[in-house]
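Colleague: Let me give you the structure first, and then I'll get to my questions.
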């Protein structure tokens, strides 16, 4: 018996052959072969904002809007930052953050806001752990600055302007209420 429940209408069921679209997916972030070097290769040469690249399923499979926002916050990277301008250390932080966010979300059965249920009919518990997604206007749990929302590649993106400054030069501003996330020097 197969039960397929898809309230948001994003899913598909294919019986028989693997559909061509699945063959074109990028690497799976929790696969052991997905390394910081693989992520660096994905980001290299891409002028788009890093959030847009993370959401591109042909570049990286399975990362959606919620988890991309959360990973970028953990890594201290602004969602609109050009992907090809991340330093090696920033890419490593992003790689760690992507894997940690997805692992924790799986551990907590996903993120339920209204009617999502996991395969056992249980709501997900990761919503209680969200740091930026759905929290625009509320204080950042790290630094206290208000979470903001912008559009990146047509998608809403939530971020903390203190933890995820737009420009590297903004990191040098004195007197700001910026949180202490490990940052690279230019």
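Residue numbers (this note's numbering): 183 to 368. Quick reminder that beta carbons are idealized off the backbone N, C-alpha and C, glycines included.
Quick check on DSSP: helix, strand or coil for residue 195?
Modeller: Three-state result, residue 195: coil.
Colleague: Do residue 221 and residue 273 have their C-beta atoms within less than 8 Å of each other?
Modeller: In contact: residue 221 and residue 273 (Cβ atoms closer than 8 Å).
Colleague: Whole angstroms are fine: how far does the CA of residue 279 sit from the CA of residue 223?
Modeller: Their backbone Cα atoms lie some 17 Å apart in a straight line.
Colleague: Can you round the beta-carbon distance between residue 309 and residue 293 to whole angstroms, since I take them to be within the 8 Å contact cut?
Modeller: About 5 Å separates the two Cβ atoms, so the contact holds.
Colleague: Suppose only complete runs of 3+ residues qualify. What are the beta strand (DSSP E) ranges in the stretch 205-248, listed by chain order?
Modeller: List check, beta strand (DSSP E) in window: nothing returned.
Colleague: At which residues does the alpha helix (DSSP H) containing residue 285 begin and terminate?
Modeller: That run of the alpha helix (DSSP H) goes 270-289.
Colleague: Quick check on the DSSP output: the beta strand (DSSP E) that includes residue 332 runs from which residue to which?
Modeller: From DSSP, the beta strand (DSSP E) with residue 332 extends over 330-334.
Colleague: Determine the contact status of residue 342 and residue 320, defining contact as a CB-CB distance below 8 Å.
Modeller: For residue 342 and residue 320, no; Cβs fall outside 8 Å.
Colleague: List the whole-angstrom C-beta distance separating residue 345 from residue 231, where the pair is believed to meet the contact cut-off of C-beta under 8 Å.
Modeller: Contact doesn't hold; Cβ gap of about 17 Å is too wide.
Colleague: Do the stretch 330-339 and the stretch 301-308 meet, that is, are 3 or more Cβ pairs less than 8 Å apart?
Modeller: Verdict: no, contact absent.
Colleague: Please list, in chain order, all residues of the same chain as residue 196 whose beta carbon is under 6 Å from its beta carbon, the five residues on each side excluded.
Modeller: The answer is none, since no qualifying residue turns up.
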